[in-house]
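Working notes for the structure below.
Protein chains: 2
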Amino acid sequence: METKFKPRLDHIKLDYKIWLADLNGMGILGDGKWRMLKLISEKGSLKAACDELGYTYRRTWGNIKKIEEFFGFPLLEKHRGGSEGGSMTLTEEGKLLVKAFDRFHSTADDVIQKGFREFIDEITGKQ
Amino acid sequence: METKFKPRLDHIKLDYKIWLADLNGMGILGDGKWRMLKLISEKGSLKAACDELGYTYRRTWGNIKKIEEFFGFPLLEKHRGGSEGGSMTLTEEGKLLVKAFDRFHSTADDVIQKGFREFIDEITGKQ
DNA sequence: TGCGGATATGCATCCGACGACATATCGCAA
DNA sequence: TTGCGATATGTCGTCGGATGCATATCCGCA
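Those protein sequence lines, which keep their order, are chains A and B.
Counted the way the working numbering counts, the first sequence spans residues 1 to 127.
Counted the way the working numbering counts, the second sequence spans residues 1001 to 1127.
Dropping the structure here:
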């Protein structure tokens, strides 16, 4: 089957976001914040993580505050001062959360990518 | 295993968006527009669909234009005038697109919902 | 031939997110 | 005790998208 969609397919990509929200729809933890938590944990520093991802420190710090406000307990241990200026590391709860979201995100990603390929096949008539 | 997450779980819901974008990241077709296309098809009218979903006619019409501009051909047949004022129906290409996205979205949804339940179990230690 | 209701489109304005800038605080090490 | 570098926090301008309002156009029917 020939369809008009074909000429455009090279210009399409798939994108998605998955996140946890409170009952008002306010975002709590999503792809961006999750990646940020992982990188902070890896680098041991909020500033270093922001520099790498190109986010502003100000904004990211606000996001972290939001998450912790929602849960009511810290996901990160913050250390100020010292010869290095300070550092951040994940708490046990933070580690658990990141790990669980990791697994969740990965299984969802598999299905979404596979589904996208089938979607393309379907609109091009490849079946 | 006891975790601090438990008291908060009733206040968390899952949310996600899946969409097609052009190579610049511009959104083409996502959950919202897809639902709108379905409803237009069902109602036979853009205005009726907007009223039901609470969207503004102005905005929705702009979205439709964007989609059609991207693909380069119409997804909707538009009829102006007449005793009913006018109507909209899906073209064959529109029907194909909606149907394919339907299937895609539905399989993705299954896995995402299942993954979310497992995610909750994991952070509450139910395993 | 004028009315009604929906499609089609311009425009002014509003709003919230985000970036940019400024500043305070902390604690080790020289 | 001073300097450094990172955490912590306030504020303000801006910029893109949403919202609301206004208007033009179309055509079957009474």
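Even for Gly, the Cβ is constructed at its ideal location relative to N, Cα and C.
Query                                                                                                                                                                             : Result
Within 10 angstroms of its Cβ, does A/S87 collect 16 or more other Cβ (buried), or is it exposed?                                                                                 : buried
Name the chain A residues that come within less than 7 Å of B/R1080, Cβ to Cβ?                                                                                                    : Within 7 Å Cβ-Cβ: nothing; B/R1080 doesn't reach chain A, min ~24 Å.
Less than 9 Å separating the beta-carbons of A/F119 and B/F1005?                                                                                                                  : no
State the DSSP-derived secondary structure class of A/K43, mapped to helix, strand or coil.                                                                                       : helix
Against chain A, which members of the segment 1055 to 1084 of chain B pass a CB distance test of less than 8 Å?                                                                   : F1070, F1071, G1072 and F1073
Does DSSP classify A/T91 as helix, strand or coil?                                                                                                                                : coil
Determine whether the beta carbon atoms of B/K1012 and A/I18 lie at a separation below 9 Å.                                                                                       : What sits at residue 1012 of chain B in the sequence shown is Ile, not Lys. Against a cut-off of 9 Å, the Cβ pair of A/I18 and B/I1012 comes out as no contact.
Going along chain B in order, which residues have a C-beta closer than 9 Å to the C-beta of A/V111?                                                                               : T1107, A1108, D1110, V1111, I1112 and G1115
Looking only at DSSP bridge pairs, what is A/D15 linked to?                                                                                                                       : B/W1019
Could one say the Cβ of B/L1090 lies closer than 9 Å to chain A's Cβ atoms, at least one of them?                                                                                 : no
Pull up the distance between the alpha-carbon of A/S45 and that of A/G62, whole angstroms please.                                                                                 : 15 Å
Measuring CB atoms only, is the segment 1059 to 1078 of chain B touching the segment 35 to 54 of chain A, in the sense that at least three cross pairs come out at less than 8 Å? : no
Note down, one range per segment and in chain order, each alpha helix (DSSP H) of at least 4 residues found wholly within the segment 1053 to 1090 of chain B.                    : 1057 to 1071
So A/G27 packs on B/R1008, CB below 8 Å; how close in whole Å?                                                                                                                    : About 15 Å; that fails the 8 Å criterion.
Take the Cβ of A/T60 as the centre, count every other Cβ of all protein chains shown within 10 Å, and call the residue buried at 16 or more, exposed below.                       : buried
Leaving out the 5 sequence neighbours to the left and right, which residues in its chain are closer than 6 Å to B/L1020 when beta-carbon positions are compared?                  : I1028 and L1029
By Cβ distance below 8 Å, which residues in the same chain neighbour B/L1097 in space, the five residues on each side in sequence not counted?                                    : L1029, L1037 and L1075
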